[in-house]
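One structure is given here, and the rest of the page talks about it.
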Amino acid sequence: MIAGISIFEILTVTSILFFIGIYGFITRKNLISVLISIELILNASVVNFVVINKYLYPDMLQGVIFSIFIIAVAAAETALAVSIIINLYRQISSVEVKDTEIMKY
Amino acid sequence: MNISYTILIPLIPLAVFLLLGLNSKTIKPAISGYIGVLGLATSAALSFYTAYEYFFVSGKVDGVYQTFVNKTVWMNFTETLHIDMGVLIDTISIMMLIVVSIVSLMVHIYSRGYMKGDDGYTRFFSYLSLFTFSMYGLVLATNLFQIYIFWELVGVSSFLLIGYYYTKPSAVSAAKKAFIVTRFADLGFLIGILIMGYFTGTYDFETLNNPEGAVILNWASTSFMGLSVITWALLLIFIGGAGKSAMFPLHIWLPDAMEGPTPVSALIHAATMVVAGVFLVARLFPMFYFVEHGFALNVVAYVGAFSSLFAAIIAITQTDIKRVLAFSTMSQIGYMMLALGVSGYEGHDGVGYMASMFHLFTHAMFKALLFLGAGSVIHAVHSNYLKDMGGLRKYMPITNITFLIAALTIAGVPPFAGFWSKDEILVAAFEHNKLIYYVGVFVAGLTAFYMFRIYFGIFWGKEKTYEHTPHESPLSMTFPLIVLALLSIVSGFIPFSELITPDRVGFEAHLNYPLAAIATGVGLIGIVLAWVFYKKENSLSDTYATAFGPLYKWASDKFYLDEIYLFITKKIIFNLISAPIAKFDKKYVDGTMEGIGNKTVWLSGRIKGLQSGKFQDYAFSFVMGAVIIALVFIYLWTN
């Protein structure tokens with residue numbers, strides 16, 4: 001709990017962070033940037049967990065534990081995504097989103 | 106009596122068929138011939154052992170021959186109605202086992218010589234094994250459905266063997282004709298089986314045939330168009346039998362079936378498959394006899410008598426020796442049918458049934474012999490036609506003697522087998538129906554005449570000079586001839602009346618001297634007439650042929666039945682019924698289905714652009730969708 005700052009301000013910040021992540025996911029041209037955008041989305045949700053836990057149920061720990069869990073999953077997911085991108089790079093020598101359209105219909 | 110081993114009798118030929126059929130390109134012809142003969146010899150040995158066990162050791166209990174069944178449920182429809190698979194051993198199935206074994210074994214041995222050097226040697230033997238398997242299965246069937254399955258299987262093997270020379274268009278069309286005609290008749294059989302199953306609730310022969318059973322006692326419970334439905338079912342089943350047995354008017358496939366190799370004609374179209382119809386009627390004999398006081402049985406008798414006369418008249422005019430034999434087969438099967446038709450049930454009344462089975466047995470021997478002898482002749486002169494033959498007795502002594510024995514047998518000259526069986530048939534007909542008796546006697550004379558016509562035509566007649574001097578066939582071909590000739594002589598002395606009767610008790614048969622004398626006399630008249638006409642080359646036969654004028658022409662054109670069938674099918678059915686239906690099918694049924702397909706292709710072509718392949722487009726759609734749903738929910742909640 002931070003003095004002088006209510007839950008609404010923090011939730012506003014995390015919402016902005018979340019939509020920045022979505023915007024980045026949709027518009028970035030580079031696959032690595034897309035991956036970073038996904039991290040933004042995840043972090044926004046992690047902060048939400050922590051904040052809601054602290055402000056609404058200060059004597060409980062589920063939100064905090066969940067945020068740690070999400071961080072671990074996010075790390076694994078990033079490793080997987082990067083390995084996919086590396087393999088893709090070996091095939092087509094590019095990490096641009098527009099070069100990954102070859103499988104359509 | 107333990108009969109579990111009898112299942113091997115059909116299974117061994119099946120194994121041989123699979124072995125030869127799957128390896129037809131790799132097995133050497135010499136080996137495949139031995140495998141075929143060996144497999145069949147094993148089955149034949151088992152059949153003989155079964156016959157010995159049944160007739161002389163353990164078949165008879167309290168003076169009545171028992172029925173042994175070994176079966177398992179194959180398909181369950183209801184509590185009572187199920188289809189079984191198994192073997193049924195009784196007097197007639199054993200007799201058929203013996204017939205099929207002997208003839209098939211002889212034909213296998215004969216084929217090793219006859220088919221020598223043929224490209225499809227192994228294929229031929231595999232088909233023969235398939236046929237033998239099916240025929241064994243047919244005679245051992247325990248119920249109507251099982252017999253139907255094997256019925257179709259013999260039809261298929263007959264089709265394959267008639268069309269064996271598949272590069273010859275005439276053989277192909279003959280095979281198709283045989284298959285379509287018998288298949289058409291089998292439709293009647295199938296409907297009959299279904300009616301039988303629906304109204305009696307069982308397919309089992311034992312249940313159906315029990316004279317005190319519910320099926321026979323309650324035949325009158327349901328009727329349709331003035332006849333009991335059971336009678337209708339029996340008549341429909343008889344249509345199937347008539348198709349296989351080449352009874353008028355479903356006989357048109359049999360003469361054409363002679364396109365197949367001659368051993369096949371001997372095996373399938375003389376001795377075994379074509380008598381399946383007789384066997385079927387005999388198998389259901391108690392039903393035929395008791396239901397509607399034998400109405401269906403009378404139909405069998407008249408159809409048999411008419412076919413017998415009809416075929417004998419045509420046989421006189423044919424010039425292709427195999428066709429003469431084919432019509433002769435049809436005529437003799439008509440004889441068996443009429444004998445069944447005039448039979449009673451108890452004691453000595455069952456003489457017709459006994460005579461029919463007796464004639465089936467002796468006919469199988471002498472007709473197979475006739476066909477194999479004709480095959481030997483054809484092998485020597487490379488022609489089927491009488492005009493290319495003559496004076497062959499000097500070149501082919503064994504064929505000549507055996508053919509003469511067979512001809513005397515079929516003509517009913519004592520003491521050959523045909524005399525005994527034919528005499529019993531005429532006795533049965535005389536006691537039951539005088540009209541049929543006169544037809545039978547007349548046919549006996551015609552039979553003797555046409556058979557000696559071709560005998561004299563082949564072995565005597567004109568002294569012909571041959572391009573290649575004909576020579577006697579090899580031992581593999583003459584050995585079966587000799588065996589079958591011996592059987593044709595001795596099989597008449599088998600006491601059939603004590604072994605095979607409808608009530609399974611047996612009776613003492615006596616020769617009816619006046620009737621036997623009449624039949625033999627008529628046969629001798631036929632032989633003498635043939636002697637006068639054909640012993641030496643002369644113009645007498647041509648003079649009489651012209652004297653009969655149009656009648657002779659009709660008979661030699663088989664009374665134009667083929668043309669009538671062609672007219673009905675090609676002109677009427679094809680043009681007036683099939684063509685409009687085909688048009689409707691193409692235009693509307695196919696049109697609808699194709700229209701649905703084409704429209705789908707068109708539509709998907711239009712909308713496939715939505716799938717851009719950019720994952721960010723999909724993500725955008727997903728987010729927008731989520732936002733819209735969220736807005737909808739917010740809107741709903743706030744109101």
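In order, the protein sequences belong to chains A and B.
Quick note: the first sequence uses the working numbering, first residue 1, plus one each step.
Quick note: the second sequence uses the working numbering, first residue 106, plus one each step.
No residue lacks a Cβ here, since even glycine has one placed at the ideal position from N, Cα and C.
In angstroms, rounded to a whole number, what distance separates the CA positions of residue i and residue j?
i              : j              : result
A276 (chain B) : L265 (chain B) : 10 Å
L88 (chain A)  : A72 (chain A)  : 25 Å
G562 (chain B) : A416 (chain B) : 20 Å
L119 (chain B) : L127 (chain B) : 12 Å
W742 (chain B) : L736 (chain B) : 10 Å
I733 (chain B) : N744 (chain B) : 17 Å
T377 (chain B) : V204 (chain B) : 7 Å
K567 (chain B) : T272 (chain B) : 34 Å
V706 (chain B) : G714 (chain B) : 14 Å
V694 (chain B) : I686 (chain B) : 10 Å
V405 (chain B) : I541 (chain B) : 12 Å
T196 (chain B) : Q437 (chain B) : 22 Å
N617 (chain B) : E536 (chain B) : 11 Å
Write down the C-beta distance between residue i and residue j rounded to the nearest angstrom, noting that I regard them as a contact closer than 8 Å.
i              : j              : result
T552 (chain B) : I515 (chain B) : 6 Å
P368 (chain B) : S216 (chain B) : 5 Å
I267 (chain B) : A290 (chain B) : About 16 Å; that fails the 8 Å criterion.
S69 (chain B)  : A522 (chain B) : There is no way to answer for residue 69 (chain B), as the model of chain B reaches only from 106 to 744.
V97 (chain A)  : L35 (chain A)  : Actually they do not touch by this definition, with Cβ atoms about 11 Å apart.
S206 (chain B) : A149 (chain B) : 4 Å
Of the choices the options, whose alpha-carbon is the least far from that of residue i?
i              : options                           : result
L620 (chain B) : B:G545, B:L322 and B:A735         : B:G545
R288 (chain B) : B:M106, B:M240 and B:H356         : B:H356
K349 (chain B) : B:I298, B:I285 and B:Y232         : B:I285
L40 (chain A)  : A:I22, A:L56, A:I102 and A:K54    : A:I22
A246 (chain B) : B:I203, B:S206 and B:I194         : B:I194
V320 (chain B) : B:P391, B:V447, B:S578 and B:I342 : B:P391
Y560 (chain B) : B:D608, B:G496 and B:I541         : B:G496
I296 (chain B) : B:E311, B:I344, B:G268 and B:P274 : B:I344
P360 (chain B) : B:V429, B:T305 and B:A731         : B:V429
G399 (chain B) : B:P575, B:F411 and B:V447         : B:V447
K719 (chain B) : A:F25, A:A3 and A:I5              : A:F25
L190 (chain A) : A:L11, A:I36, A:Q91 and A:E96     : Residue numbering for chain A in the displayed model covers 1 to 105; residue 190 (chain A) lies beyond these limits and cannot be assessed.
H374 (chain B) : B:V166, B:Y543, B:K691 and B:A279 : B:A279
F384 (chain B) : B:S326, B:N314, B:D690 and B:S461 : B:S461
G631 (chain B) : B:M441, B:Y740, B:L513 and B:A338 : B:L513
L586 (chain B) : B:Y649, B:L210 and B:T147         : B:L210
I70 (chain A)  : A:N48, A:L42 and A:A79            : A:L42
Buried or exposed: where does residue i fall if 16 or more other Cβ atoms within 10 Å of its Cβ makes it buried?
i              : result
Y303 (chain B) : exposed
Q423 (chain B) : buried
E397 (chain B) : buried
I16 (chain A)  : exposed
N53 (chain A)  : buried
L402 (chain B) : buried
D224 (chain B) : exposed
S596 (chain B) : buried
L708 (chain B) : exposed
L589 (chain B) : buried
F639 (chain B) : For clarity, residue 639 (chain B) is Tyr in the given sequence; the question names Phe instead. With 16 or more other Cβ atoms within 10 Å, it is buried.
I677 (chain B) : exposed
E184 (chain B) : exposed
K427 (chain B) : buried
I140 (chain B) : buried
T336 (chain B) : buried
T14 (chain A)  : buried
D662 (chain B) : exposed
Once you ignore the five residues that flank residue i on each side, which residues in its own chain have a CB closer than 6 Å to its CB?
i              : result
L531 (chain B) : G545, L620 and A624
S433 (chain B) : A420
V178 (chain B) : H187 and D189
T606 (chain B) : G455 and M459
Give me, in chain order, the residues of the same chain whose beta-carbon lies closer than 7 Å to that of residue i; leave out the 5 immediate sequence neighbours on both sides.
i              : result
S239 (chain B) : F255, L258, V259 and S262
L249 (chain B) : I298, M301 and Y308
M220 (chain B) : Y226, F229 and P366
N169 (chain B) : The identity of residue 169 (chain B) in the sequence shown is Val, whereas the question assumes Asn. R609 and V610.
F122 (chain B) : S231, S234, L235 and F238
A479 (chain B) : T367, I426, K427 and L430
Excluding sequence positions up to five away, which residues of its chain have a Cβ less than 8 Å from the Cβ of residue i?
i              : result
L202 (chain B) : I114, S152, T155, A156, Y241, V244 and L245
R498 (chain B) : N505, F564 and W565
Which residues, in chain order, does the segment 696-723 of chain B contribute to contact with chain E at a C-beta distance below 8 Å? Structure shown: chain E not included; protein chains present are A and B.
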